[in-house]
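Notes for the one structure printed next.
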Amino acid sequence: MSMPTSPNAPRLIIIGNGMVGHHLVEQLIACGAPRDYAITVFGEERHIAYDRVHLSEYFSGRDADSLALASADDYAAHGIDLRLHDTVTAIDRNANEVVTECDRHPYDRLVLATGSYPFVPPIPGNDREKCLVYRTLDDLDAIREAAEDATTGVVVGGGLLGLEAANALRGLNLDTAVVEFAPRLMPMQVDAEGGALLREKIEALGVQVLTDRATQHIEAGETSFHRMVFQDDKMLETDLIVFSAGIRPRDQLARDCALEIGERGGVVIDDRCLTSDPAILAVGEVALWNQSIFGLVAPGYQMAKVAAATLTEGNATFTGADMSTKLKLLGVDVGAIGDAHGDRTPGARTFRYLDEIKQEYRKLVVSSDGKKLLGAMLVGDNATYDTLMQYYANGLALPEDPASLILPSSEGAPTLGPDALPDTATLCSCHNVTKGDVCATLDAGALDLASVKSETRASTGCGGCAALLKSVVDHELAARGVEVDQSICEHFAHTRQELYSLVRVEGIKTFSELIEKHGTTAGHGLGSSSAPKLGSSSAPRLGCDICKPAVASILAACFNEPITDAAHVPLQDTNDTFMANMQKNGTYSVVPRIPGGEITPEKLIVLGEVGKKYGLYTKITGGQRVDLFGAQLHQLPDIWGELIVAGFETGHAYGKATRTVKSCVGSTWCRYGVQDSVGMAIRLEERYKGLRSPHKLKFAVSGCTRECAEAQSKDVGVIATEHGWNLYVCGNGGMRPRHAELFATDLDDAQLIRIIDRFLMFYIRTADRLQRTSVWRENLEGGLDYLKDVVLDDSLGLADELEAQMQHVIDTYECEWANTLSNPEKLKRFRTFVNDSRPDPDIIATEERGQLRPA
Amino acid sequence: MNTATALKSEVTWQTLCSKADLVAHSGVAAWLDGTDTQVALLYLPGRTPEAYAVDNHDPFSNANVIARGIVGDIKGEPVIASPLYKQHFRLSDGVCVEDESVRLHTWEIKIDGDDVMIRA
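Protein chains in written order, with my numbering: chain A, -1 to 853; chain B, 137 to 256.
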């Protein structure tokens, strides 16, 4: 499906496939460059571009695939020639060729996106075995290997990357120490007071912190593999050393071909990302702009955007980048905005707030007149970061008393309303999305947060701007007169969540009671003359195809009475009414439950026999079951009679309910399996079968990290580890795939089930109607952290209630088909015609590939 | 009933099924005696009128499924939603709310004791 590129198109080569190099490719695709250029990308690593920002998660459950930013197919689809594991060794500027180990490739334009390499201090002994760096996936593999017979590890470097590396070592269960040359941790971002607090918090996590330490040499240890000797002859023994003491631009290719290089390294670029050779551009951490190297991903992305414009005759310039950062290192919030130290602006004044009990430190740097925010520093709590960042980035006038921005107050800190932000305000710095961009998307017709996110990609990087983005979207929708009316339909001025609470709190057990007590009245604003009028009172409302199934689902989740009971049956969609899936010709398909996808040959034969007897089309589903198509309404009880005798139960394929728990064979058969994934899948499916929810629920359990059950595309995904189970939540396949997020690690069986109980019930309680967990999660204010707080840490004090509700559903489970077959009154419903036993003559089938299908 | 000889002008009340065949707040399908016409019967106890009869044939999907839709109201006006593509049809005159050029046939219907009578 490659786009047509002219055979004579100029050749564009990009050296480097890191985050910035990949972003450049994305930007080029966005401006249609693959039509104008024959593009070749060289990547030295084996892996396609991956998320280095979240690299330490490689040791807490994520694998290379889940960190990948794209697939080779994505490149191929746009006709881009991606050459991984292919190192460029030289640039021949005279011949306009790049040289690899075994080939030469001509170029017309060339982009250097080679990034940086970790600086290893020139300490004697730094070349010993088990002295490693932390930069690439291969580095992490090497660290993991070296950690196998290690119990202790040291990170040299207490900056941002050093603390990330320390987190990674902790993830490998090593006793970890950080050695920093400067007097405090993160000297670039925090001052002495902030550094002291940060140190205290990190030591409380069991990480040893040594500051003011210069390593003199490294030698063989007595009790451990290494001994590090410091300037004062003090020593530290450790099995493993990781250097993370800063980065240096990888500018060797540029040096060798005599491009202009900065005094301390870096390829000099101008505002359009052009190097001293106008045929060659540079972006990211290899590029030196205005004497500065930018070691963060956001400025690199901005350069990539500028470079794409330069290459496509667009008009964009790089004007420097803000180095403000909001981080969570080892679980500790650290934020630095602008001139955080207050040493870049003469006359700057500061406000400082330190709480040694809660361990929070906040500092404001303001102009001498107290009107503008020049910088800020946060340790321990980043809650005020977004607001402060907006004051800083947009030069907004500070409130009368700037200290109010960082002081704890009973009403909570004043937050900046979204209307106070100018259109130029950057909301998402990862993808450089402004308030103006968001407004343009809304003007173009986007009506909710999820579509704004997918259109602009805002809040899909680090996610730090999620709350701000939501408030802007809500505010702007309201300003556009888009009534953000959350009412479920015209019959209830309530959201689904509110209806759920009303049902629970008031113990309302039927739709008629709910609509009587809480429904809107007919007649208001109603001009239709045909509306029936009953005396002076308005007609009783009937509800509709929106609220009836939604309320049916709520009632089922709360009380779990059979949906086929007389009070509930008129509420159901036809699929639930007849407990089968209506197909396009009005026939139904039947899907018996096959827990975990495990089925005996005997039962498989029964399915075959039933399919054959009733002339049903049979197909294997994606959820490891068998779907039998083409049954007429009146045939369903007979079919189910045979299935139930054979030991099958209903599969709820028709319901907004638990569908399947897919599994791989796991440790029972597979040489790689580390846990019994089939056993767990069956246990989960038996537990949650029949659970009705705002939308369907899909699960999977994989027996090892190879993930053959594709658990990370499910609402609830479970992946076996050596020590138990990792839980992933809120994934989705389908129209808008979403990778599930790692929620909890190394759980035992009981923990896993308790967490899933709470998670599911919290979703059922708070989601909108027909909202899958993935969309629910994306609209959830506070995001994954909030969800973890509620489910894992019980921040709302709901856990017992959620677990009890789930237990009620489990205790009251009954196969709906078995219930129906034992009730002649219910069976009356399964007549194609109430006054004749003829089948529907309009249903005509034809044969295809040996089976029947609708004609 | 006699079949092929029935004239179009010959409109009479005929018994279709029993009241017990109806499902409250929902629909069932029945054959119009002696024809190849299927009727969807919707029963709304407590309202006036308390029953409606419309085509069971869904003109959008071409499947005979209207009786299996959800009965509701739009601003008080009773409607049924097709179970396949969810268009709404007014029970009073069969007109499709989303596309007024499409209309289901409707019949007069009454419940007489245990009998459901249709005028056809």
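C-beta: ideal position from N, C-alpha, C; glycine also. Here the structure is a predicted model, which means the values were calculated and not measured.
| query | result |
| --- | --- |
| Length of the line joining the Cα atoms of I200 (chain A) and D446 (chain A) | 40 Å |
| Chain B contact residues for T575 (chain A), given Cβ-Cβ distances below 8 Å | S162 and R204 |
| CA-to-CA distance, N817 (chain A) to V231 (chain B), given in whole angstroms | 38 Å |
| Length-filtered (3 minimum) beta strand (DSSP E) runs lying within the segment 820 to 849 of chain A | 843 to 846 |
| Nearest-angstrom Cα separation, counted from R836 (chain A) out to A748 (chain A) | 53 Å |
| Test: W243 (chain B) CB closer than 8 Å to a CB of chain A | no |
| Residues sharing a beta bridge with H95 (chain A), DSSP | Here residue 95 (chain A) is Glu; the residue named in the question, His, does not match the sequence. Paired residues: A:D90 and A:P104. |
| Coarse secondary structure for C153 (chain B), derived from DSSP in three states | strand |
| Neighbourhood of K617 (chain A) by C-beta distance below 8 Å, restricted to the same chain and skipping five residues each side | V624, D625 and F627 |
| Neighbour flag for R239 (chain B) against chain A, beta carbons, 8 Å | no |
| Local conformation of W815 (chain A) per DSSP, three classes | helix |
| Under the three-state DSSP convention, the category C232 (chain B) falls into | strand |
| Simplified DSSP assignment, three categories, for F57 (chain A) | helix |
| CB of K324 (chain A) within 8 Å of CB of Y383 (chain A), strictly | yes |
| Same chain, Cβ closer than 6 Å to Y56 (chain A), neighbours up to 5 away in sequence not counted | L138 |
| Residue(s) in a DSSP beta bridge with M226 (chain A) | A:I216 and A:L234 |
| Cross-chain neighbours of N582 (chain A) in chain B, by beta carbon under 8 Å | Per the sequence shown, the amino acid found at residue 582 (chain A) is Lys instead of Asn. Ordered by position in chain B, the residues that pass the 8 Å Cβ test against K582 (chain A) are S197, A199 and L220. |
| Chain B contact for C542 (chain A) (CB, 8 Å cutoff) | yes |
| Chain B within 8 Å of R827 (chain A), Cβ atoms only | yes |
| Rounded C-alpha distance that separates G410 (chain A) from A655 (chain A) | Confidence at G410 (chain A) is low in this model, with a pLDDT of 42, below 50, so the placement of that residue should be treated as unreliable; the coordinate-derived value is given next. In a straight line, the C-alpha of G410 (chain A) is about 40 Å away from that of A655 (chain A). |
| Secondary structure of H193 (chain B), DSSP reduced to three states | strand |
| Status (buried if at least 16 other CB within 10 Å, exposed otherwise) for Y299 (chain A) | buried |
| Neighbour-count burial assignment, N288 (chain A), 16 or more Cβ in a 10 Å radius | exposed |
| Touch test, the segment 193 to 207 of chain B against the segment 174 to 183 of chain B, Cβ-Cβ under 8 Å, three pairs minimum | yes |
| V589 (chain A): contacting residues in chain B (beta-carbon distance under 8 Å) | Result: empty, since nearest Cβ-Cβ is about 18 Å, beyond 8 Å. |
| Residues near N15 (chain A) by beta carbon distance below 6 Å, same chain, minus five either side | V39, G41 and A47 |
| Pair within 8 Å by beta-carbon distance, A233 (chain A) and R246 (chain A) | Strictly speaking, residue 233 (chain A) in this sequence is Met, with Ala absent from that position. No, these two residues do not count as a Cβ contact at 8 Å. |
| CB contact check: A411 (chain A) to chain B, cutoff 8 Å | Low per-residue confidence applies at A411 (chain A): pLDDT is 44, beneath 50, and the placement is therefore not dependable enough to give any value. |
| Where the alpha helix (DSSP H) containing G169 (chain A) begins and where it ends | L158 to G169 |
| Proximal residues, the segment 553 to 572 of chain A versus chain B, C-beta separation under 9 Å | A564, V567, P568, L569, Q570, D571 and T572 |
| Own chain partners of A175 (chain A) with C-beta closer than 6 Å, once the 5 adjacent residues on each side are dropped | V152 and Q206 |
| First through last residue of the alpha helix (DSSP H) which encompasses I200 (chain A) | A190 to A202 |
| Residue-level contact to chain A via CB, A257 (chain B), 8 Å cutoff | Residue 257 (chain B) cannot be examined here, being either before or after the span of chain B that is shown, 137 to 256. |
| Cutoff 8 Å: V233 (chain B) Cβ touching any chain A Cβ | no |
| Touch test, the segment 57 to 75 of chain A against the segment 241 to 256 of chain A, Cβ-Cβ under 8 Å, three pairs minimum | no |
| W149 (chain B) at chain A interface by Cβ criterion, 8 Å | no |
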